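Accompanying notes for the structure given below.
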Amino acid sequence: MNRNVLIAGGGIAGMAAGFAAARAGWRATVFERAHAFSEVGAGVQLGPNVTRILQAWGLGDALKQVAAFPAGLRARSMNTGEVLATFPLKDAVSNYGAPYVTLHRADLHGLLLQAAAREGVQVHSDSVVQRVHQTPDSVMFDVMQHGQLQHHHGPAAVAADGVWSPLRQQLLGDGLPVFTGHIAYRALVAQADLPLHLRSQDVSVWMGSQAHVVSYPVRGGDYLNVVCLAEGRLLDDDGHNLQALQTWNAQKSEAQTLVELHHALRGACAPLTDLMAACSDWRLWPLCGRPAMQGSHQHAQGRVALVGDAAHPMLPYLAQGAGMAIEDAAELALQLSYAAEDDVPQRLQQFASARWQRNARVQARALRNGQIFHAEGLMRIGRDMGLRLMGRRLMDMPWLYGDEPSV
Numbered sequence: 233m234n235r236n237v238l239i240a241g242g243g244i245a246g247m248a249a250g251f252a253a254a255r256a257g258w259r260a261t262v263f264e265r266a267h268a269f270s271e272v273g274a275g276v277q278l279g280p281n282v283t284r285i286l287q288a289w290g291l292g293d294a295l296k297q298v299a300a301f302p303a304g305l306r307a308r309s310m311n312t313g314e315v316l317a318t319f320p321l322k323d324a325v326s327n328y329g330a331p332y333v334t335l336h337r338a339d340l341h342g343l344l345l346q347a348a349a350r351e352g353v354q355v356h357s358d359s360v361v362q363r364v365h366q367t368p369d370s371v372m373f374d375v376m377q378h379g380q381l382q383h384h385h386g387p388a389a390v391a392a393d394g395v396w397s398p399l400r401q402q403l404l405g406d407g408l409p410v411f412t413g414h415i416a417y418r419a420l421v422a423q424a425d426l427p428l429h430l431r432s433q434d435v436s437v438w439m440g441s442q443a444h445v446v447s448y449p450v451r452g453g454d455y456l457n458v459v460c461l462a463e464g465r466l467l468d469d470d471g472h473n474l475q476a477l478q479t480w481n482a483q484k485s486e487a488q489t490l491v492e493l494h495h496a497l498r499g500a501c502a503p504l505t506d507l508m509a510a511c512s513d514w515r516l517w518p519l520c521g522r523p524a525m526q527g528s529h530q531h532a533q534g535r536v537a538l539v540g541d542a543a544h545p546m547l548p549y550l551a552q553g554a555g556m557a558i559e560d561a562a563e564l565a566l567q568l569s570y571a572a573e574d575d576v577p578q579r580l581q582q583f584a585s586a587r588w589q590r591n592a593r594v595q596a597r598a599l600r601n602g603q604i605f606h607a608e609g610l611m612r613i614g615r616d617m618g619l620r621l622m623g624r625r626l627m628d629m630p631w632l633y634g635d636e637p638s639v
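In terms of our numbering, the sequence shown opens at residue 233 and continues consecutively.
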């Protein structure tokens, strides 16, 4: 059997899929449109449901080299600074068998890229997968590689080409993602450059009205990743500008960004405004998404599986976007390990059936969290009271962290 899986997209989802498939005995070929992988990106939080998989893949030691291990999570009022609730993230190992970690997205990607290279995964940069063709027996990618059209064949393929996935459009034809009305303003600051009272090795969530701020350590705790997520202040006239919405790293003038942040954080307490003032080089990330998954057909079509944001773009309010992509990769590899050439479509349907409901639940919960984090009026009062009374219980999620995806 020709056990070559073709993968469109070399981000976290694609690299995890390639590495996991190689561990399952397949040759994996990854096609990435970028000329080179970039250091630019956001921070990432990985719950024990994800680090458990990375440990099973033999990547636990590599993770320790680049991640931070926050002891706790603090939910705070944006306006008063009051700590509404705390949650002991350090207990993840005893409760769920694996740690809760925070790290830079580029470090997670680099970890997976190095692991994939050790497993013999071929990665082609400057390679745009333009189209996929299927027959009953095989699948073919049309790939523009370094300006030349090439054709690649195999018994299985994976669309891991992100939230704007061209392959999803071809396979499902269900339209483009839509702008959610939310913008992430992201910054990275060296902890050594912060005054002592602003340095932190914990995850902090500051909740207000129509906005919240998250901060957590990355790069072994040497840096603090700071993200303000706000509603209703999108890129002026760019709300319907496809190019603007597709820009991962949009950057405005410093003055314009500060005006928008000031508006989003109006009424914020002094510790939070001090932290935001200490950050510079703010980058914008328009949040675009889709409704929660409706069925297994959105995860696999014939010999092509869809994984990560191509299948189920996640809003960041549950911190599970990268996590669900890695879970996808683990389940995909399990099914491929059992596959014969003639039953690849059936195995991919098994993958889809195993994954779609969990991903739909995480998508829906992330959307709900966004509404809670940005609550106004009586809902905000109820949110804060609920956190004061039952914060630890509300923040623990055994349904998410305790599940055992296949590795």
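Every residue, glycine too, gets a C-beta built ideally from N, C-alpha and C.
Here the structure is a predicted model, which is why all the values come from computation and not from measurement.
Residue 297 to residue 513, Cα distance in whole Å?
Taking the sequence shown and counting its residues from 1, the one referred to as residue 297 is at position 65. Taking the sequence shown and counting its residues from 1, the one referred to as residue 513 is at position 281. Going from the Cα of residue 297 to the Cα of residue 513 covers about 26 Å.
Return the chain-ordered ranges of every beta strand (DSSP E) run that is complete within the region 317-384 and spans a minimum of 3 residues.
Runs found: 333-336, 354-356, 359-366, 371-377.
What is the rounded straight-line gap between the Cα of residue 388 and the Cα of residue 414?
The residue you call residue 388 lines up with position 156 of the sequence shown. The residue you call residue 414 lines up with position 182 of the sequence shown. Each residue's alpha carbon lies about 36 Å from the other.
Distance check for residue 504 and residue 425, CA to CA, integer angstroms please.
For the purposes of this step, residue 425 is taken as the residue at position 193 of the sequence shown. For the purposes of this step, residue 504 is taken as the residue at position 272 of the sequence shown. Taking the Cα positions, residue 425 is about 16 Å away from residue 504.
Determine the closest residue to residue 359 out of 333, 502, 240, 278, with distance taken between C-alpha atoms.
Walking along the sequence shown from the start, residue 359 turns up at place 127. The shortest Cα separation from residue 359 among 333, 502, 240, 278 belongs to 240.
Inter-stretch contact at 8 Å, needing at least 3 Cβ pairs: the region 323-342 / the region 376-393
Verdict: no, contact absent.
Taking residue 580 as part of the alpha helix (DSSP H), name the residues at either end of that continuous run.
As a position in the sequence shown, residue 580 is number 348, starting the count at 1. Counting along the chain, the alpha helix (DSSP H) containing residue 580 begins and ends at 576-605.
Between which two residues does the alpha helix (DSSP H) holding residue 656 run?
In this structure the chain extends from 233 to 639, so residue 656 is not present and cannot be described.
Would you report the Cα separation of residue 253 and residue 564, rounded to the nearest angstrom?
Residue numbering aside, residue 253 sits at position 21 when the sequence shown is read from its first letter. Residue numbering aside, residue 564 sits at position 332 when the sequence shown is read from its first letter. Near 7 Å, if we compare the C-alpha coordinates of residue 564 and residue 253.
Give every residue of the same chain whose Cβ lies closer than 8 Å to the Cβ of residue 339, excluding the five residues on either side of it in the sequence, and list them in chain order.
Residue mapping note: residue 339 aligns to position 107 of the sequence shown, counting from 1. The residues are 298, 299, 450, 451.
Determine the extent of the alpha helix (DSSP H) in which residue 312 is found, giving its start and end residues.
By one-based count along the sequence shown, residue 312 stands at place 80. Taken as a continuous stretch (DSSP letters only), residue 312 belongs to no alpha helix (DSSP H), as it is neither H nor E.
Selected residue, minimal CA-CA separation from residue 604, among 423, 430, 462, 347:
What you label residue 604 is simply residue 372 of the sequence shown in a count that begins at 1. It is 462 whose Cα lies nearest to the Cα of residue 604.
Length at least 3, wholly inside the region 393-452: the beta strand (DSSP E) runs in chain order:
Look at the region 393-452 and you find these whole runs of beta strand (DSSP E), each 3 residues long or longer: 410-422, 435-439, 443-450.
In the DSSP output, which residue or residues are listed as bridge partners for residue 275?
Taking the first residue of the sequence shown as 1, we reach residue 275 at position 43. The bridge partners DSSP lists for residue 275 are 336.
Return the residue from the list 243, 498, 255 that minimises the CA-CA distance to residue 568.
Taking the first residue of the sequence shown as 1, we reach residue 568 at position 336. Closest in alpha carbon position to residue 568, among 243, 498, 255, is 255.
Decide yes or no for the touch test of the region 278-295 against the region 356-373: beta carbon pairs closer than 8 Å, at least 3 of them.
No, the region 278-295 does not touch the region 356-373.
Just checking my contact of residue 356 with residue 263 at CB under 8 Å: how many whole Å lie between their CB atoms?
Along the sequence shown, one-based indexing puts residue 356 at 124. Along the sequence shown, one-based indexing puts residue 263 at 31. Separation of the CB atoms of residue 356 and residue 263 is rounded to 5 Å, and the pair is thereby assigned contact status at 8 Å.
Identify, in the order they occur along the chain, each residue of the same chain with its Cβ nearer than 7 Å to the Cβ of residue 524, setting aside the five sequence neighbours on each side.
Locating residue 524 in the sequence shown gives position 292, counting from the first residue. The answer, listed in chain order, is 592, 595, 596.
I think residue 606 touches residue 441, with their Cβ atoms under 8 Å apart; what is that distance to the nearest whole Å?
Position 374 of the sequence shown, counted from the start, is the residue given in the question as residue 606. Position 209 of the sequence shown, counted from the start, is the residue given in the question as residue 441. Taking 8 Å as the upper bound for CB-CB distance, residue 606 and residue 441 are in contact here, some 7 Å apart.
Please confirm if residue 292 has its CB atom under 8 Å from at least one CB of chain C.
Chain labels in this structure do not include chain C; a single protein chain is all it has.
For the region 504-573, which segments carrying the beta strand (DSSP E) assignment without a break, of at least 3 residues, lie completely within its bounds, in sequence order?
Fully enclosed beta strand (DSSP E) runs of 3 or longer: 515-521, 536-538.
Take residue 428 as the anchor and find which of 391, 435, 506, 416 has the nearest alpha-carbon.
What you label residue 428 is simply residue 196 of the sequence shown in a count that begins at 1. Relative to residue 428, the option among 391, 435, 506, 416 whose CA is nearest is 506.
Evaluate the contact criterion for the region 339-352 versus the region 305-317: three or more CB pairs, one atom per stretch, below 8 Å.
The answer is no - the region 305-317 does not touch the region 339-352, with fewer than three Cβ pairs under 8 Å.
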